[in-house]
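Notes for the one structure printed next.
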Amino acid sequence: MHVAVCVKQIPDPSSPGRLDAGTGRLVRDAKLVMDDSDSYGVEMALQLAQAADGGGSGGYVTVISMAPGGATKGVKDALAMGADAAIVVSDEALAGSDALSTARVLAAAVRLAAAGEGGAVDLILAATESTDGYTGTTPVQLAALLDMPSVTFAKNVTCDGARVTVQRQTDEGHDEVEATLPALVTVTAGVVEPRYPAFKAIMAAKNKPCRVVGIAELGLDAGEVGSAGARQEIIEVLAAEERATGELVEDNGQAHLRIVSLLESLKVI
Amino acid sequence: MPVERIWVVVEPAGGGAATNGLELLTGARPLAVTIDAVTFGDANGAATVLGDHGASTVFTVDTPNAMAGVPVAAAIVAATRVKGAPTAILLPQTYEGRDIAGRLSVALDAPVLANAVGLSEVDGRLVAEHAVFGGATIVKAAFTTDRVQLFLVRPKSFAAEGGAGAAGTVEALPIPDTGRPGAARVLARHAEDRLGPKLDEAPVVVSGGRGLGEKERYALVEELARLLKGAPGASRAIVDAGWVPYSYQVGQTGKTVKPNVYIAAGISGATQHMVGMKGAKHIIAINKDREAPIFAICDLGIVGDVNKILPKLIDALKSR
Chain A
28 MHVAVCVKQI PDPSSPGRLD AGTGRLVRDA KLVMDDSDSY GVEMALQLAQ
78 AADGGGSGGY VTVISMAPGG ATKGVKDALA MGADAAIVVS DEALAGSDAL
128 STARVLAAAV RLAAAGEGGA VDLILAATES TDGYTGTTPV QLAALLDMPS
178 VTFAKNVTCD GARVTVQRQT DEGHDEVEAT LPALVTVTAG VVEPRYPAFK
228 AIMAAKNKPC RVVGIAELGL DAGEVGSAGA RQEIIEVLAA EERATGELVE
278 DNGQAHLRIV SLLESLKVI
Chain B
1041 MPVERIWVVV EPAGGGAATN GLELLTGARP LAVTIDAVTF GDANGAATVL
1091 GDHGASTVFT VDTPNAMAGV PVAAAIVAAT RVKGAPTAIL LPQTYEGRDI
1141 AGRLSVALDA PVLANAVGLS EVDGRLVAEH AVFGGATIVK AAFTTDRVQL
1191 FLVRPKSFAA EGGAGAAGTV EALPIPDTGR PGAARVLARH AEDRLGPKLD
1241 EAPVVVSGGR GLGEKERYAL VEELARLLKG APGASRAIVD AGWVPYSYQV
1291 GQTGKTVKPN VYIAAGISGA TQHMVGMKGA KHIIAINKDR EAPIFAICDL
1341 GIVGDVNKIL PKLIDALKSR
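Keeping their order, the protein sequence lines are chains A and B.
Counting from 28, one number per residue, gives the positions in the first sequence under this note's numbering.
Counting from 1041, one number per residue, gives the positions in the second sequence under this note's numbering.
Below is the structure:
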């Protein structure tokens, strides 16, 4: 079984970046890391590929990523976890991409992966949304472009090689959903416990195939991706109304009584 | 000048129309001359309340496999071809709303503006507001295309207000052949037992974070929420750590809440969390770290150990 897993390489979330005053676009720090949310998809991909292979060699897992500046550090983390190959799409024309243009790029990358060693892609995994952009529509757009069913917000995934069965998070609890392969599934954090790669695996990852390609190699036109494809513009950036800072109390063992009196004055109790 | 026509996707909840759909209809009223609702599932019977919130026609879609994304999007796309496309389609930023928007986007070759927290009309153009950096900055954005404009709007961005008209005219939309993508189906539905009010409707929300130290202490948060007739919530950190299910999460990737009182227990206030609770009327925060960002937006901040303060607070409430 060939599983493709989407990985976003994002600026370290502990330094969120800033908006450029002129363009209103997000200015990122140079160093990109794998989005934590994606480590669950990578782990799930490894486990499903192996299970579908009867516990054998582990099927084939390709990491798919779109990133500026040919960044590969984040996908190397996924290769160290055990993925077999990676495709990173990087091109100056991709700057300013929205969710739909990103999905077009990822769809082309999945087709490229299917032409490689792993063969036709049976299952695509992605996080429900990225930590930095959190639009949350890219995976479904990717499935639609590839004419696949999609099941979002999985909190449990099993796969027999022909069908995928998912416990899908809902407001009330969960739905049990079934789709035939090939299909796309988005996984929530905590769906599996991501492994920490051993030193040997980190070294071995350096020799795994990691292709960095531009949009021309994917047969995409610059007019359908990047800011040209996004077809939207920032009109204004302004500071939100600030909330006034209230009272700050150091706990002296009696601070809970201050909470009680506030709740009383608000008629909550 | 308002745009000509807006369609609002209204999802089902609790046997009728979801509140966030009524909010969207209310928010759409000043923006368009005519507003229609598109419903599916249990919301199909809600023509009266939808009309009351501004819907002229209520388009219903039967979802045969109980999955919404593919069939609802396919029915809408087919309807745009028969009836002409509306200027914009508004959808709630929810599980189903995002699935429908993603499918619509590809089928209509239309980009999506997601996570809107406000919408306005400026010289006949629809403008979405987005809160970034934990709500400290507002970015206004609009489309530069004449395609159907797709907006995903976060719940609670508008207050639902009725009194806008009589029951909507109901019209069923046929679903064209949805091929392979439409074959995914729900085999069974499971409801979790959850006592007390729903997280996004509760007048009081008590959320716990990393500061609790260990999973077992989340019981303190649940106990306090129960005593205040509120709902327990959580930061992303402890959801990711597997202490509580995803449905408890408050923040940009979870629920947006606007309760009368929000109590943040052991939550430092990552931007990702603040965006989901900043709209609360009153905020009480308990955290060990005096420098925690949550203190910058709270009405009452207690610098101290949440594991010492919560048990005392619970005892004090119980002995009343």
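We treat Cβ as the ideally placed atom computed from N, Cα and C, and that holds for glycine.
This structure is a prediction, so every number in the text was calculated from the model and none was measured.
From the options, residue whose alpha carbon lies closest to that of residue i
{"i": "R270/A", "options": "L1227/B, I1323/B, H1230/B", "result": "I1323/B"}
{"i": "A1242/B", "options": "R1266/B, L1260/B, L1227/B, A1231/B", "result": "R1266/B"}
{"i": "V1112/B", "options": "A1077/B, A1087/B, L1239/B", "result": "A1077/B"}
{"i": "I1342/B", "options": "N1327/B, P1351/B, A1199/B, L1264/B", "result": "N1327/B"}
{"i": "L1190/B", "options": "R258/A, V30/A, Y87/A", "result": "R258/A"}
{"i": "L59/A", "options": "A98/A, Y67/A, T185/A, L265/A", "result": "A98/A"}
{"i": "K994/B", "options": "V1244/B, A1156/B, T1185/B, I1278/B", "result": "Past the boundaries of the shown model lies residue 994/B; chain B is included only from 1041 to 1360, so the question cannot be answered."}
{"i": "M93/A", "options": "L172/A, L290/A, E263/A, E119/A", "result": "E119/A"}
{"i": "L1144/B", "options": "V1117/B, G1124/B, T1134/B, A1154/B", "result": "V1117/B"}
{"i": "L1227/B", "options": "A1106/B, A1310/B, R1250/B", "result": "A1106/B"}
{"i": "E70/A", "options": "V54/A, I286/A, T89/A", "result": "T89/A"}
{"i": "R45/A", "options": "R1257/B, F1173/B, V1315/B, A1212/B", "result": "F1173/B"}
{"i": "G1094/B", "options": "L1148/B, I1075/B, N1155/B", "result": "I1075/B"}
{"i": "L1062/B", "options": "Y1302/B, D1149/B, G1203/B", "result": "G1203/B"}
{"i": "L169/A", "options": "S128/A, E260/A, I229/A, A249/A", "result": "S128/A"}
Residue i, DSSP secondary structure in three states
{"i": "K1321/B", "result": "coil"}
{"i": "M1166/B", "result": "Note on identity: in this sequence residue 1166/B is Leu, with Met being the wrong assignment. DSSP places L1166/B in strand when its eight states are reduced to three."}
{"i": "D1230/B", "result": "The identity of residue 1230/B in the sequence shown is His, whereas the question assumes Asp. Strand."}
{"i": "R1360/B", "result": "coil"}
{"i": "R222/A", "result": "coil"}
{"i": "H1313/B", "result": "helix"}
{"i": "S64/A", "result": "helix"}
{"i": "M93/A", "result": "strand"}
{"i": "I114/A", "result": "strand"}
{"i": "Q1289/B", "result": "strand"}
{"i": "I1140/B", "result": "helix"}
{"i": "V1172/B", "result": "strand"}
{"i": "E1331/B", "result": "coil"}
{"i": "L1071/B", "result": "coil"}
{"i": "K227/A", "result": "helix"}
{"i": "I1326/B", "result": "strand"}
{"i": "P1351/B", "result": "helix"}
{"i": "G1282/B", "result": "coil"}
{"i": "S1145/B", "result": "helix"}
{"i": "R128/A", "result": "The question names Arg, but residue 128/A in the sequence shown is Ser. In the structure shown, S128/A sits in a helix (DSSP, three-state: H, G or I)."}
{"i": "I242/A", "result": "coil"}
{"i": "P1042/B", "result": "coil"}
{"i": "K1196/B", "result": "coil"}
{"i": "K1238/B", "result": "coil"}
{"i": "K294/A", "result": "coil"}
{"i": "T1088/B", "result": "helix"}
{"i": "I1178/B", "result": "strand"}
{"i": "A122/A", "result": "coil"}
One or two residues paired with residue i in a DSSP bridge
{"i": "F1099/B", "result": "V1078/B, E1211/B"}
{"i": "D202/A", "result": "R195/A, R1229/B"}
{"i": "P1272/B", "result": "V1246/B"}
{"i": "Y87/A", "result": "H29/A"}
{"i": "L1190/B", "result": "I1129/B, V1152/B"}
{"i": "C186/A", "result": "V191/A"}
{"i": "L1159/B", "result": "A1168/B"}
{"i": "C237/A", "result": "A113/A"}
{"i": "I37/A", "result": "V60/A"}
{"i": "A1053/B", "result": "G1056/B"}
{"i": "L1340/B", "result": "E274/A, I1324/B"}
{"i": "A210/A", "result": "L150/A"}
{"i": "L46/A", "result": "L53/A"}
{"i": "K1295/B", "result": "V1290/B"}
- Mind checking the segment 1148–1176 of chain B against chain A and listing, in chain order, the residues whose C-beta falls within less than 7 Å of any C-beta there? Identification of residues in the segment 1148–1176 of chain B having a C-beta nearer than 7 Å to some C-beta of chain A yields P1151, V1152, L1153, A1154, N1155, V1167, A1171, F1173, G1175, A1176, given in sequence order.
- Query: In chain order, which continuous runs of the beta strand (DSSP E) of length 3 or greater are located wholly inside the segment 244–290 of chain A?
  - Reply: The segment 244–290 of chain A is shown to contain whole beta strand (DSSP E) runs of 3 or more residues at 259–266, 274–277, in chain order.
- Item | Contact residues within the segment 239–269 of chain A, judged by C-beta distance below 7 Å to chain B | Residues passing the 7 Å Cβ filter: A257, R258, Q259, E260, I261, I262, E263, V264, L265, A266, A267.
- Whole runs of the alpha helix (DSSP H) within the segment 136–173 of chain A, excluding any shorter than 4 residues: Qualifying alpha helix (DSSP H) stretches, in chain order: 165–172.
- Query: According to a CB-to-CB cut-off of less than 9 Å, which residues of the segment 75–109 of chain A neighbour chain B?
  - Reply: Taking 9 Å as the Cβ-Cβ cut-off, the segment 75–109 of chain A has no residue approaching chain B.
- Select from the segment 1057–1090 of chain B all residues with a C-beta closer than 7 Å to any C-beta belonging to chain A, and list them in chain order. Going along the segment 1057–1090 of chain B in chain order, one finds no residue with a Cβ nearer than 7 Å to chain A.
- Message: Against chain A, which members of the segment 1332–1347 of chain B pass a CB distance test of less than 9 Å?
- Response: Taking 9 Å as the upper bound on Cβ-Cβ separation, chain A lies near residues F1335, A1336, I1337, C1338, D1339, L1340, G1341, I1342, V1343, G1344, D1345 of the segment 1332–1347 of chain B.
- Taking a cut of 7 Å between CB atoms, which residues from the segment 1270–1292 of chain B lie near chain A? The segment 1270–1292 of chain B vs chain A, Cβ under 7 Å: V1279, D1280, G1282, Y1286, S1287, Q1292.
- Message: Please identify, using Cβ separations under 7 Å, the residues of the segment 1220–1241 of chain B that lie next to chain A, in order along the chain.
- Response: If the cut-off is 7 Å between Cβ atoms, the segment 1220–1241 of chain B has R1220, P1221, A1223, A1224, R1225, V1226, L1227, A1228, R1229, H1230, A1231, E1232 near chain A.
- Closer than 8 Å, Cβ to any Cβ of chain B: which residues of the segment 202–215 of chain A, in chain order? Of all residues in the segment 202–215 of chain A, D202, E203, V204, E205, A206, T207, A210, T215 have a Cβ within less than 8 Å of some Cβ in chain B.
- Item | Against chain B: residues of the segment 219–233 of chain A by CB proximity under 9 Å | The residues in question are E220.
- Query: When Cβ atoms are compared, which residues of the segment 1114–1139 of chain B fall closer than 7 Å to chain A?
  - Reply: Cβ contacts with chain A: Y1135, R1138, D1139.
- Message: What are the residues in the segment 1240–1266 of chain B lying within 7 Å of chain A by C-beta distance?
- Response: For chain A, the residues of the segment 1240–1266 of chain B that bring a beta carbon within less than 7 Å of one of its beta carbons are V1244, in chain order.
- Which of the residues in the segment 1176–1208 of chain B, read from start to end, lie with their CB under 8 Å from any CB of chain A? Closer than 8 Å at the C-beta level to chain A, one finds these residues of the segment 1176–1208 of chain B: A1176, T1177, I1178, V1179, K1180, A1181, A1182, F1183, T1184, T1185, R1187, L1192.
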